[in-house]
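In the UniProt record's numbering, the protein residues as written are 1 to 692. These notes are about the structure you will find just below.
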């Protein structure tokens, strides 16, 4: 009651309300800044602690100063300016130390001890300010109220800071503000209740009361400006954090290149649509997987910048054509996906049709126009899968079926695809053990001189005899080996076996071995070739390595470096399947190949196609100009051989000249037969011995 009486009878209530406004505002800003400091570390935390101390100290000091100006002791008063400023410094430093202790995570009761230190700082500031408060009278202090005021400040401040630091929920935030206000107000008015002033009538000079009121307003304005500055810093940082969060969230859920949703967003959306379809039995959800067909050619021929531009154009088209219940995303690389919620099958077919039409429209990139095309696979929930993983997997299977079928771009999932995929996986597993089981073998196809019919060498061709499926075509198992990485071990086995068998021949013929692009990407090929040559004793000049131009295009700089290392060993290099794919003259200029192998597709058409014959003539002319011999593959008739003789081809290979055969059946080309020009064959005793 004494405290309440002190407030009501001994204070200017208008200034008391102004002090209360200052106190509440300051505490609100202080707790907000302290929360921001709690969420940071290092230099940032120290910066926020500084702002917190400034806001808290100035708010507490302003509250105290205004409340002191509101006090009416009944006698003239003056202020000691030095001690008044010292009290402000005490408030800032003391509260700063308390907040710093409160955020020390290494101490169990650090928030409460820090709050006690804040309470002591408030008390020290108040009583220093009271010393600076000079009143014309006799001042008496009640020790009980002095001690009570300090305990109130420490207790409420400890609980307030503890709430603000330990429990960062919104209600704890507001509770901390209220308790800190009680700590400041409780200290001040309890301490003022401890004061009794007996005026001295002979002292009449003091500060004009009107000036004191003006000072109170001025101090309040300055204090509010300081608090507003702290609040503005909080708002700026909060806005920056919100923008950073939105930016990071966008990066996490959207593709950075195209702006479409990424795989994470796609998975979340598909889970949501599946759950929705479970609740509504009439609703179905389709997953549509899209893989661009000719995107790699854009990257290889026009560079990655053109490839990125193509992806952006395609992404814009896909985003524009989607409507309600439809969703598109880029899963990575040149792979996109869509989700369709539907009840009528025609709605799904409509989206698929729009997608197909959009993906097959020409792309214009600078002065270059192309059509990427796409393979599209579709799987439908719940018919084709009960969860996200199964649906996406089945849509992928359908997409690969479409990619392997040149007659269609869209394929819907069928259960038989699973059987095909399982069979392919089983074949891949068996292929890894084929070397150990002795299931691999080499067949050799003869390469002859077109003009003389003499044997020039042999090409080693890999064969796999599966214990259950019998002879598996290379076109079937080689891609599997390249996908699962077993091509490295298989390629090394082929190279070592071919070199060892060729080293046993006494005729000096060359042996040609095909190399996979994977061998260039994942192995120290030059070292391997050198090691095998030393191990088998084969002369380097008798080994010819064949590679397609697509192998070079995949990583031109590295591949050409490896080829130069191999060529330095004395091994010859042939470019295979020339005339198809890229057939870049720059490739022939960049590396001095020892042989050009003309693709068999031209020989198949040479008897009836003037264009094929013209291409053969052009390649042969190119070879002569570059002084590179040309070997024509796929010679199957006497007429084809005659055309090559007339056109001046160097070498030939094909069924007409000799089918691929195992080592124990191989024959060397002898002299041409006098009757029809077709070569006759004799098998040398040396090779029979080696085979046996």
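Where a beta carbon is used, it is the ideal one built from N, C-alpha and C, also for glycine.
Pairing residue 621 with residue 258, the inter-Cα distance amounts to about 46 angstroms.
A direct Cα-to-Cα measurement between residue 232 and residue 61 gives close to 20 angstroms.
The beta carbon of residue 317 is closer than 6 angstroms to those of 358 in its chain, skipping five residues each way along the sequence. Under DSSP, residue 447 shares a beta bridge with 457. Beta-bridge annotation (DSSP): residue 499 is not paired with any residue.
For residue 381, DSSP records a beta bridge to 285.
Contact annotation: residue 513 and residue 492 have beta-carbon atoms that are not nearer than 8 angstroms. Within the same chain, and ignoring the five residues on either side of residue 276 in sequence, the residues whose Cβ sits closer than 8 angstroms to its Cβ are 283, 285, 341. In this structure, residue 172 lies near residue 163, with their beta-carbon atoms less than 8 angstroms apart. According to the DSSP assignment, residue 411 belongs to the beta strand (DSSP E) that extends over 410-412. Excluding its 5 nearest sequence neighbours in each direction, residue 560 has C-beta neighbours in its own chain below 8 angstroms: 552, 590, 591, listed in chain order. Here residue 392 is not near residue 402, since their CB atoms are 8 angstroms or more apart. Going by DSSP, residue 142 is part of no beta strand (DSSP E) at all; its letter is neither H nor E. Residue burial is scored here from C-beta neighbours: residue 519 has at least 16 other C-beta atoms within 10 angstroms and is therefore classed as buried.
A contact is defined here as three or more CB-CB pairs under 8 angstroms, and the stretch 381-396 fails this definition with respect to the stretch 352-372. In terms of Cβ geometry, residue 540 and residue 494 do not form a close pair [threshold 8 angstroms]. Minimum Cα-Cα distance from residue 485 among the listed residues 471, 429, 455, 511 corresponds to 429. Taking each of 332, 80, 25, 500 in turn and checking the Cα distance to residue 254, the smallest one comes out for 332. Rounded to whole angstroms, the separation of the alpha carbons of residue 609 and residue 648 is 19 angstroms. Per DSSP, the continuous beta strand (DSSP E) segment holding residue 576 begins and ends at 572-578. If you look at residue 134, you'll find it in the beta strand (DSSP E) that goes 133-135. For residue 632, the enclosing beta strand (DSSP E) begins and ends at 630-632. Residues 606 of the same chain have their beta carbon placed closer than 6 angstroms to that of residue 613, with the five preceding and five following residues left out of the count. Residue ranges of uninterrupted beta strand (DSSP E) with 3 or more members, entirely inside the stretch 528-553 and ordered along the chain, are 543-548. Taking the Cα of residue 436 as reference, the smallest distance to any Cα among 489, 345, 58, 536 is reached at 489. Rounded to whole angstroms, the gap between the alpha carbons of residue 157 and residue 183 is 6 angstroms. By the CB criterion at 8 angstroms, residue 120 and residue 165 fall outside the cutoff. According to the DSSP secondary-structure assignment, residue 152 is paired through a beta bridge with no residue. Annotated three-state conformation of residue 608 is coil, per DSSP. Per the Cβ contact rule, the stretch 123-138 is in contact with the stretch 185-194 (3 or more Cβ pairs under 8 angstroms). Short of 7 angstroms from the beta carbon of residue 588, and not among the five residues preceding or following it, lie these beta carbons of its own chain, in chain order: 626.
In the DSSP assignment, residue 466 forms a beta bridge with 470. In the DSSP annotation of this structure, the continuous segment of the alpha helix (DSSP H) that includes residue 318 starts and ends at 304-321. Contact check for residue 451 and residue 458: beta-carbon distance about 19 angstroms, past the 8 angstroms limit, so the pair fails to qualify. Within the same chain, 149, 152, 153, 156 come within 8 angstroms of residue 186 by CB-CB distance, once the 5 residues on both sides are set aside. Shortest Cα-Cα distance from residue 431 to any of 453, 454, 470, 400 involves 470.
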